[in-house]
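In our numbering, the protein residues as written are 7 to 429.
Cβ coordinates follow ideal geometry from the N, Cα and C atoms, glycine included.
For clarity, every value in this text was computed on a predicted model and none was experimentally measured.
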Ligand SMILES: Cc1ncc(COP(=O)(O)O)c(C=O)c1O
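In C-alpha cells, the structure reads:
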C-alpha cells in the first residue's frame, strides 16, 4: 500500500503534541539552586552590585573564565550589552555598522542608540551574515560589523573576521542566542573585539532579563563600563584595579543589573553544560535520522560540533513547495512554517524593522542618518535584501528544548523524511 501523508488523510507520524516550554532552555531548568541563590541575596538585603562578594562580579568572573576573556561587564539586557560593546569599540555618529537582515531588531536598534547608522546585509545558507555581502557593503564610513548567531548556530565567523581585518573593522559578536556556542573549539564571544550575551527569558540561560559584554581589551571594557552607568567611575575603583582612567569617563545610560540578576545568572551559568549536552544530543539525533533529501538542503553550519543544538533548519529548494511542505509537516505532528511569510511581521527579519527602515530616532536632531558627521548615504527598503527574504521564505525551523526526548527527535526526522518522500 502506498504511503499517504497525514494532510491527505494518512496517519500522522507524531500523534501526541511535541513537548513545548514557555521560554528558553534556561528557564525550564530553574530549580532550588536558583531559589536559594536569590533568597540568600534577599536575606542579606544587599541588592546593589557594588558590594563585597558581589554575585554580579562572580557571574562576570565565571563567564570570563568560561570564554577565556579578560574582562566582563554584566548589564540589564542583551540590547544594553550591544550598546555598551559598540560604544566600547568606539562606534558613534558618522559611523556605519553592518548587521545581518536576519536578527532581532535590537541588534540594529543598538547601533542607532550609539548614534550610528545600521547597514543591513544579506545572510547566506548559514542563515548568518554573508561575508561576500559584508565586503560589498563596506564604505569609508564603516566602523564595525556585528555577526549574529541566530538560534544557537555560529555564523561564518572565520570568513567574516578575514573581511573585517582586511578593512580594519571592529567586530562585535552578537551571541545573544548562542550562549555556549563554539567555533572550532573557540567559544563564540571570544573571537571578535567584543561579544554580547542576552539572558532574557527566551535564551539558553536566563536571569529573566540581563546581558553581558566581554572583551580582552581593557580600553573597550572601560568604555563599556562608562556606557553602562554614569556614576560608574565612582564605583569602578572598587571593582577594577586601575591607576587611573585610560580616558576620562563619559556620561551615558544606566544599564546596571541588581545582585538578584547576578545570583540567578551565576547559577544558570553552572547549568549551561548540561543544557547544551541535552540540546546537542537532540539535534544530533534529529540530523542523523534524516534521509538523503529530495526537496531541501540543510542549513549550512561551518562547525556542527560548536552549534548549541537548540534548532535545526532545512531550506526547501522550490519556493512553490514551501507552503505545502510546512502544512504537510504540521499535519504529521511537527508544527512549522516558513521563517519568513507575509502572514507574520517577525521583528527578527529586517523587513519588519519599521523604525529602522523609516529612519526614526528619539529626536530629529539626534538622527544618525542626518547627523553632520555622517557622510554616507544609506537607503533602506523592504525588499533591499532579496536573498535574505528568499532564504527565510524557504527555511523551515525545528526547535529542541529541555523536554525534547530522543524519541521526539527521531519522530521529527521521520516526519521530515516522510513529507520529503511523498511530495
Ligand atoms: C540576536 C539578538 N540580539 C539581541 C537581543 C536583545 O536582547 P535583550 O532582549 O536581552 O535586550 C536578542 C534578544 O532577543 C537577540 O535575539
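Taking DSSP as the reference, what is the three-state secondary structure of residue i?
i, result
"residue 408", "coil"
"residue 281", "helix"
"residue 381", "coil"
"residue 266", "helix"
"residue 77", "strand"
"residue 294", "helix"
"residue 111", "helix"
"residue 52", "coil"
"residue 217", "strand"
"residue 397", "helix"
"residue 209", "coil"
"residue 135", "strand"
"residue 304", "strand"
"residue 170", "helix"
Based on DSSP bridge pairs, tell me the residues matched to residue i.
i, result
"residue 318", "404"
"residue 145", "Per DSSP, none; premise fails for residue 145."
"residue 4", "This structure does not reach residue 4, given that the chain is present from 7 up to 429, and the question cannot be answered."
"residue 425", "Residue 425 pairs with nothing; no bridge assigned."
"residue 179", "201"
"residue 188", "193"
"residue 355", "108"
"residue 150", "103, 176"
"residue 36", "Paired residue(s): none; residue 36 is not in a bridge."
"residue 344", "402"
"residue 129", "135"
If we ignore side chains and look at the alpha-carbon of each, how far apart do residue i and residue j end up?
i, j, result
"residue 311", "residue 71", "21 angstroms"
"residue 171", "residue 360", "32 angstroms"
"residue 418", "residue 144", "41 angstroms"
"residue 273", "residue 159", "24 angstroms"
"residue 293", "residue 123", "39 angstroms"
"residue 265", "residue 115", "27 angstroms"
"residue 108", "residue 49", "43 angstroms"
"residue 25", "residue 416", "14 angstroms"
"residue 371", "residue 301", "51 angstroms"
"residue 257", "residue 79", "17 angstroms"
"residue 208", "residue 33", "8 angstroms"
"residue 242", "residue 334", "57 angstroms"
"residue 20", "residue 252", "60 angstroms"
"residue 136", "residue 58", "45 angstroms"
"residue 408", "residue 185", "15 angstroms"
"residue 299", "residue 423", "8 angstroms"
"residue 291", "residue 191", "21 angstroms"
"residue 426", "residue 331", "8 angstroms"
"residue 111", "residue 414", "32 angstroms"
"residue 403", "residue 23", "17 angstroms"
"residue 231", "residue 173", "27 angstroms"
"residue 106", "residue 354", "10 angstroms"
"residue 180", "residue 410", "26 angstroms"
"residue 383", "residue 38", "54 angstroms"
If you pair each beta-carbon of the segment 102 to 111 with each one of the segment 146 to 159, do three or more pairs fall below 8 angstroms? Here the segment 102 to 111 makes contact with the segment 146 to 159; the two share three or more CB pairs at distances below 8 angstroms.
With a cut-off of 8 angstroms, do at least 3 Cβ pairs link the segment 207 to 217 to the segment 227 to 239? no
Would you call the segment 277 to 292 in contact with the segment 312 to 332, where contact means no fewer than 3 C-beta pairs closer than 8 angstroms? yes
Would you call the segment 157 to 165 in contact with the segment 390 to 398, where contact means no fewer than 3 C-beta pairs closer than 8 angstroms? No, the segment 157 to 165 is not in contact with the segment 390 to 398.
I'd like to know if the segment 220 to 232 and the segment 183 to 201 are in contact, where contact means that at least 3 CB-CB pairs between them fall below 8 angstroms. yes
Report yes or no: do three or more beta-carbon pairs, one from the segment 334 to 341 and one from the segment 82 to 89, lie closer than 8 angstroms? no
Given 8 angstroms, three or more beta-carbon pairs between the segment 356 to 371 and the segment 48 to 64: Here the segment 356 to 371 does not lie against the segment 48 to 64, with fewer than 3 beta-carbon pairs under 8 angstroms apart.
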